[in-house]
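Okay, structure first, notes after.
Numbering (full-length UniProt numbering), first residue to last: 1 to 331.
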């Protein structure tokens, strides 16, 4: 059978231009889409047909939007990839609940993942977030944490999960090791792609978060991408808003390369994703969106996304058409 389509979001994009540009200017190179040759199957269209040339992920806060219809939105918008949040620790510390309240199996949005998959899309699950920690911070019993994750992943047959670490525990080193060991255990059992979501600072990635990445790698967990949350300055801010985002991303690229001990820092780009956090829809214009997609294309970012205020339809349409160089995971 073909691999679950959502797994392509961690595709290792081929290295393109290597000039260290700090401004977000449209790339001029013509980039070709390549896909792995699929085996003949009657299960449905190949991943290339499903993804097209888009690497845009729509975030859905399932607690805030319980009526969100994944299949209907995919049909209307053309979006295929979704990230559903947020699963945080329940009262006993080892269970996961949507927004800390609703049992993971009772969320009406997540229950529609099957319909989305039938249309050729998929959705990943986000643990943690701004309103509560994920179970690694509170579930300290040996084996219990992996079992807690396993229940959620198994219930939705998820191929992709993300850990939003903005509210990681004070004892972040012990938490990071527990989480990493649980991830490693699951990855030894099944195909599971994992990302971490971290804040993007003006200087790149915070030292504490870099320590988490190093500890996770040392413990043997495979983190395919780091999704950076970039607070977009108001449209009334001083000129150069997108350039400042670019500078921060370049700094993060260098830091991530060191954290993963990559011989060539340019290879870190393919491990970075960018999520724009908006306070107002007007804070991201169509011109801004074109600059972001050009940057993502030039450096081969894993994907683009948006949170906070919904971007205007024209802006999201541009982000949604962000081109990609490669589809599929090398085995």
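Don't be surprised by glycine CBs; every beta carbon is placed ideally from N, CA and C.
Because the structure is a prediction, the values reported are computed rather than measured.
In angstroms, rounded to a whole number, what distance separates the CA positions of residue i and residue j?
i: residue 259; j: residue 68; result: 37 angstroms
i: residue 46; j: residue 170; result: Confidence at residue 46 is low in this model, with a pLDDT of 30, below 50, so its placement is unreliable and the value that follows should be read with caution. Going by the C-alpha atoms only, they are around 45 angstroms apart.
i: residue 229; j: residue 278; result: 10 angstroms
i: residue 185; j: residue 305; result: 29 angstroms
i: residue 267; j: residue 302; result: 12 angstroms
i: residue 94; j: residue 156; result: 18 angstroms
i: residue 74; j: residue 318; result: 16 angstroms
i: residue 218; j: residue 149; result: 20 angstroms
i: residue 222; j: residue 211; result: 15 angstroms
i: residue 195; j: residue 237; result: 31 angstroms
i: residue 24; j: residue 215; result: Confidence is the limiting factor: at residue 24 the pLDDT is only 49, short of 50, which leaves the residue's position unreliable and the question unanswerable from this model.
i: residue 115; j: residue 70; result: 7 angstroms
i: residue 42; j: residue 173; result: Residue placement at residue 42 cannot be trusted, given a pLDDT of 34 that sits under 50; what the coordinates show is reported in the next sentence. Each residue's alpha carbon lies about 47 angstroms from the other.
i: residue 54; j: residue 321; result: Residue confidence for residue 54 is low, a pLDDT of 48 falling below 50, so the modelled location carries little weight; the figure read from the coordinates is stated next. Approximately 5 angstroms between the Cα atoms of the pair.
i: residue 292; j: residue 242; result: 8 angstroms
i: residue 122; j: residue 308; result: 21 angstroms
i: residue 56; j: residue 120; result: 15 angstroms
i: residue 106; j: residue 220; result: 33 angstroms
i: residue 269; j: residue 102; result: 36 angstroms
i: residue 275; j: residue 283; result: 14 angstroms
i: residue 316; j: residue 232; result: 15 angstroms
i: residue 203; j: residue 263; result: 22 angstroms
i: residue 183; j: residue 297; result: 30 angstroms
i: residue 92; j: residue 245; result: 40 angstroms
In the DSSP output, which residue or residues are listed as bridge partners for residue i?
i: residue 59; result: 83
i: residue 138; result: Paired residue(s): none; residue 138 is not in a bridge.
i: residue 163; result: 127 and 196
i: residue 273; result: 227
i: residue 74; result: Beta-bridge pairing links residue 74 to no other residue.
i: residue 88; result: 97
i: residue 305; result: 57 and 275
With distances taken Cα to Cα, identify the nearest neighbour of residue i among the options.
i: residue 349; options: 232, 111, 60 and 163; result: Outside the displayed range of the chain (1 to 331) lies residue 349, so it cannot be described from this structure.
i: residue 136; options: 119, 167, 155 and 200; result: 167
i: residue 247; options: 295, 286 and 141; result: 295
i: residue 314; options: 300, 91 and 285; result: 285
i: residue 356; options: 197, 177, 154 and 97; result: There is simply no residue 356 to check, as the chain begins at 1 and stops at 331 in what is shown.
i: residue 59; options: 96, 200 and 81; result: 81
i: residue 200; options: 119, 57, 90 and 250; result: 250
i: residue 288; options: 312, 183, 120 and 161; result: 312
i: residue 128; options: 118, 161, 151 and 117; result: 161
Is the beta carbon of residue j closer than 8 angstroms to that of residue i?
i: residue 387; j: residue 159; result: It is not possible to answer for residue 387, since the shown part of the chain is limited to 1 through 331.
i: residue 197; j: residue 165; result: yes
i: residue 88; j: residue 133; result: yes
i: residue 206; j: residue 273; result: no
i: residue 84; j: residue 125; result: yes
i: residue 99; j: residue 86; result: yes
Return no unless some Cβ of chain D is closer than 8 angstroms to the Cβ of residue i.
i: residue 146; result: In the structure shown, chain D cannot be found, because there is only a single protein chain.
Regarding residue i and the ligand SAH, is the C-beta to nearest heavy atom distance less than 7 angstroms?
i: residue 101; result: Among the components modelled here there is no ligand, and therefore nothing to report on the ligand SAH.
contact_flag[the stretch 110 to 118, the stretch 249 to 267] where n(CB pairs < 8 angstroms) is 3 or more: Flag = no, the stretch 110 to 118 and the stretch 249 to 267 do not touch.
Hey, is the stretch 137 to 146 in contact with the stretch 58 to 72, meaning 3+ C-beta pairs nearer than 8 angstroms? The stretch 137 to 146 and the stretch 58 to 72 do not touch, with fewer than 3 CB-CB distances between them shorter than 8 angstroms.
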